[in-house]
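Here our numbering is used: the first residue of the sequence shown is 84, the next is one more, and so on.
I have placed the structure first, in the form of structure tokens, so that the comments after it can refer back to it.
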Amino acid sequence: MTDLHQEIAKRRTFAIISHPDAGKTTLTEKLLLFGGAIQMAGAIKGRKAARHATSDWMALEKQRGISVTTSVMQFEHGGCLLNLLDTPGHADFSEDTYRTLTAVDSALMVIDSAKGVEERTIKLMEVCRMRDTPIITFINKLDREGREPIELLDEIEAVLGIACAPLTWPIGMGQRFKGVYHLEEDAVHLFDARHRDRVVKGEIIEGLDNPLLDERLGEQVGELREEIELVRGASHPFDHAAYLQGRQTPVFFGSAINNFGVLELLDAFAKYAPPPRPRAALERVVSPDEPRFSGFVFKIQANMDPQHRDRIAFLRICSGSYRKGMKLYHVRLGKQITVANAMTFQAASRQHVEEAWPGDIIGLYNHGTIQVADTFTQGEKLKFGGIPYFAPELFRRVVLKDPLKAKALHKGLLQLSEEGATQVFRPLKNNDLILGAVGVLQFDVTAFRLRDEYNVECGYEPVNVATARWIECDDPKVLEEFKRKNFEYLAEDGGGFLVYLAPTRVNLQLAEERWPDVRFKATREL
Ligand code: G4P
Numbered sequence: 084m085t086d087l088h089q090e091i092a093k094r095r096t097f098a099i100i101s102h103p104d105a106g107k108t109t110l111t112e113k114l115l116l117f118g119g120a121i122q123m124a125g126a127i128k129g130r131k132a133a134r135h136a137t138s139d140w141m142a143l144e145k146q147r148g149i150s151v152t153t154s155v156m157q158f159e160h161g162g163c164l165l166n167l168l169d170t171p172g173h174a175d176f177s178e179d180t181y182r183t184l185t186a187v188d189s190a191l192m193v194i195d196s197a198k199g200v201e202e203r204t205i206k207l208m209e210v211c212r213m214r215d216t217p218i219i220t221f222i223n224k225l226d227r228e229g230r231e232p233i234e235l236l237d238e239i240e241a242v243l244g245i246a247c248a249p250l251t252w253p254i255g256m257g258q259r260f261k262g263v264y265h266l267e268e269d270a271v272h273l274f275d276a277r278h279r280d281r282v283v284k285g286e287i288i289e290g291l292d293n294p295l296l297d298e299r300l301g302e303q304v305g306e307l308r309e310e311i312e313l314v315r316g317a318s319h320p321f322d323h324a325a326y327l328q329g330r331q332t333p334v335f336f337g338s339a340i341n342n343f344g345v346l347e348l349l350d351a352f353a354k355y356a357p358p359p360r361p362r363a364a365l366e367r368v369v370s371p372d373e374p375r376f377s378g379f380v381f382k383i384q385a386n387m388d389p390q391h392r393d394r395i396a397f398l399r400i401c402s403g404s405y406r407k408g409m410k411l412y413h414v415r416l417g418k419q420i421t422v423a424n425a426m427t428f429q430a431a432s433r434q435h436v437e438e439a440w441p442g443d444i445i446g447l448y449n450h451g452t453i454q455v456a457d458t459f460t461q462g463e464k465l466k467f468g469g470i471p472y473f474a475p476e477l478f479r480r481v482v483l484k485d486p487l488k489a490k491a492l493h494k495g496l497l498q499l500s501e502e503g504a505t506q507v508f509r510p511l512k513n514n515d516l517i518l519g520a521v522g523v524l525q526f527d528v529t530a531f532r533l534r535d536e537y538n539v540e541c542g543y544e545p546v547n548v549a550t551a552r553w554i555e556c557d558d559p560k561v562l563e564e565f566k567r568k569n570f571e572y573l574a575e576d577g578g579g580f581l582v583y584l585a586p587t588r589v590n591l592q593l594a595e596e597r598w599p600d601v602r603f604k605a606t607r608e609l
């Protein structure tokens, strides 16, 4: 095997998806603890406080610049190198999460055992489904009273439309929680609540018929034996191929806060989760073991830390390898650039990388020339697609406080929209600037950044727009006619694409009915 093949085989690039409070932050900390990168734990915890209020969020980002440093966490387990891509906890930044999901090879889904499948999980699962991302499920908080495990699996199957294959099974819950039975290993892993901050391998008892179990579990042992017989009969056996196709999810039970079930999860992750996979560009499918470098930018982040005032473009490597100082071809601009100082995100500090491989994320310093979805290669004209823009659901008109700053405002908004921080629309009928967002915090962050980075003070006014749709039409004549008749509702987005800004849902529905040859699209792929 060449270096390239070895490095690819080792890598697992993934994200955690969950509804807020299911335990994503806690699980992330524990994964890092087991992976030997515990110095991250504080930073992760700090981040959580940030999701409650805008002011906190920005103060914190500013203070610590943590958004950039904790964006990618690399750690080792079982001979594998895991790249965990962080996603914002706050729903208002969910667009960032969706884009990050295009850069992973698999995902870990965390579910609260008392709450089951929740609304954000459903939405995130939809996004995973767009690329058939393989998913491993962790059902968390078994140390509390929750719902019956069988009921939870049924719910996942029914609501999320994915078959469940339990790999561990819980023994009791809440006060009676004793551990899990590992179905593949035929062994009971006993729970001990004393080991919160340490990595301790708890007691393992081989074999369901082992008399030691009767001793340790008392009356619960009969229940367990019966249940396992049932589970073995009634549930899907684990099918690796079905998991890789995104049709089946292996399920683990545990308690993240108690470090319990995390090791089993990590072991399975190293064993089953896919290494970097071939990826479709518009021109052809690119295999990770191709010697020539290729990759795409899935997110751009401004650092609010005044010490590191810069923007970082996050690039996922799809093939070949990166070496410090190499020249990369910026496909959209048709230009060669020398990348002397890309960074990786090992541990809590920024480090300049010497080399990086498929599945790795490198950070490129961006002075306004890099946009979300840009592709970089070693000369080939390739375009990786599939990064979604979602039709915003909230709209505001921008009001400039100092009219002399109009130029700076335009420039700032355009750059922020290229980063994907907000979406900007310019109606055809007037000179308004309308901002669109998926979550209301995005407006606050945009105003903050306009002031901070572009020295422009702006406010917002309500505007009569309920929703937006990107317009496509194959027949230029029909399109012209459509534009003429709907002039007052049309706008261009930051990329110059035509958008229909509907004042009401009913208006949109009528327009769709009236113009059957025009496509009104709720997402735009970059
Ligand atoms: P999130 O990132 O998905 O939003 O969830 P997070 O890890 O912050 O966990 C949400 C709450 O659930 C936290 O409690 C956390 O301590 C708790 N939790 C996580 N895993 C477990 C578990 O295995 N068992 C139990 N019983 N609780 C768990 P909190 O009170 O909101 O915060 P904190 O003050 O404990 O940090």
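Glycine residues also receive a C-beta, built at the ideal position from the N, C-alpha and C atoms.
All of these numbers come straight from a predicted model, not from anything done at the bench.
query, result
"Can PRO475 and GLY408 be called in contact, C-beta distance under 8 Å?", "no"
"Starting from THR529, trace the alpha helix (DSSP H) in both directions and tell me its first and last residue.", "524-537"
"Which class does GLY125 belong to by DSSP, given the choice of helix, strand or coil?", "Because the pLDDT of GLY125 is 46, which lies under 50, any placement of that residue in the model is unreliable, and the question is left without a value."
"Assuming contact is defined by CB atoms lying nearer than 8 Å, are VAL582 and PHE508 in contact in what I supplied?", "yes"
"What are the residues that DSSP puts in a beta bridge with MET208?", "Beta-bridge pairing links MET208 to no other residue."
"With PRO217 and ALA356 assumed to form a contact (beta carbons below 8 Å), what rounded beta-carbon distance in angstroms separates them?", "7 Å"
"Indicate the three-state DSSP secondary structure (helix, strand or coil) for GLU611 in the structure shown.", "The structure shown does not extend to residue 611, since the chain is modelled only from 84 to 609, so the question has no answer here."
"Flag PRO171 as yes when its Cβ comes closer than 7 Å to any non-hydrogen atom of ligand 1, and as no otherwise.", "no"
"In chain order, what residues of the same chain lie with their CB nearer than 6 Å to the CB of LYS93, ignoring the 5 residues before and after it?", "CYS163, LEU164"
"Give the range of the alpha helix (DSSP H) segment to which LYS107 is assigned.", "107-117"
"Please determine, among SER402, VAL304, ALA324, PHE336, the residue with the shortest C-alpha to C-alpha distance to PRO359.", "SER402"
"What's the gap between the Cα of ASP457 and the Cα of PRO471?", "13 Å"
"Let me know if PRO294 comes out buried or exposed under the rule of 16 or more other beta-carbons within 10 Å of its beta-carbon.", "exposed"
"In terms of alpha-carbon separation, which member of PRO374, GLY257, ARG532, LEU533 lies closest to THR460?", "PRO374"
"CB of SER338 to nearest heavy atom of ligand 1: below 7 Å?", "yes"
"Given this structure, state the Cα-to-Cα distance separating LYS464 from VAL414, to the nearest angstrom.", "6 Å"
"In chain order, what residues of the same chain have a beta carbon less than 6 Å from the beta carbon of LEU533, not counting five sequence neighbours either side?", "GLY495, VAL539, CYS541"
"Expressed to the nearest angstrom, what Euclidean distance is found between the alpha-carbon atoms of ASP86 and ARG406?", "13 Å"
"Helix, strand or coil, according to DSSP, for ILE233 in the structure here?", "helix"
"Output yes or no for whether 8 Å exceeds the beta carbon distance between PHE117 and HIS160.", "yes"
"Whether or not the segment 330-339 and the segment 212-231 are in contact is what I'm after, with contact meaning three or more pairs of Cβ atoms, one per stretch, closer than 8 Å; do they touch?", "yes"
"Using the C-alpha atoms, what's the distance from ILE245 back to PHE260?", "27 Å"
"Skipping 5 residues on each side, what residues in its chain have a beta carbon closer than 7 Å to that of VAL422?", "MET409, LEU411, LEU447"
"Of the choices LEU327, ASP237, GLY305, whose alpha-carbon is the least far from that of ARG214?", "LEU327"
"Following a CB-centred definition, is ARG203 positioned closer than 7 Å to any heavy atom of ligand 1?", "no"
"Which residues bound the alpha helix (DSSP H) around VAL304?", "303-317"
"How would you call ARG552, buried or exposed, if buried means at least 16 neighbouring beta carbons within 10 angstroms?", "buried"
"In this structure, how does DSSP classify LEU164 when only helix, strand and coil are distinguished?", "strand"
"Is GLY290 near ASP322, with beta carbons less than 8 Å apart?", "no"
"Under the rule that 16 or more other beta-carbon atoms within 10 Å means buried, what is LYS418, buried or exposed?", "exposed"
"Please find out if some non-hydrogen atom of ligand 1 comes closer than 7 Å to the beta-carbon of LYS107.", "yes"
"Could you spell out where the beta strand (DSSP E) holding ILE445 opens and where it closes?", "444-449"
"What I want to know is whether the C-beta of ASN341 ends up closer than 7 Å to one or more non-hydrogen atoms of ligand 1.", "yes"
"So ASP179 is in the alpha helix (DSSP H); what residue range does that whole segment cover?", "177-184"
"For VAL601 and PRO510, what's the separation of their Cα atoms in angstroms?", "19 Å"
"Any heavy atom of ligand 1 closer than 7 Å to the beta-carbon of THR223?", "The question names Thr, but residue 223 in the sequence shown is Asn. Within the cutoff, so yes."
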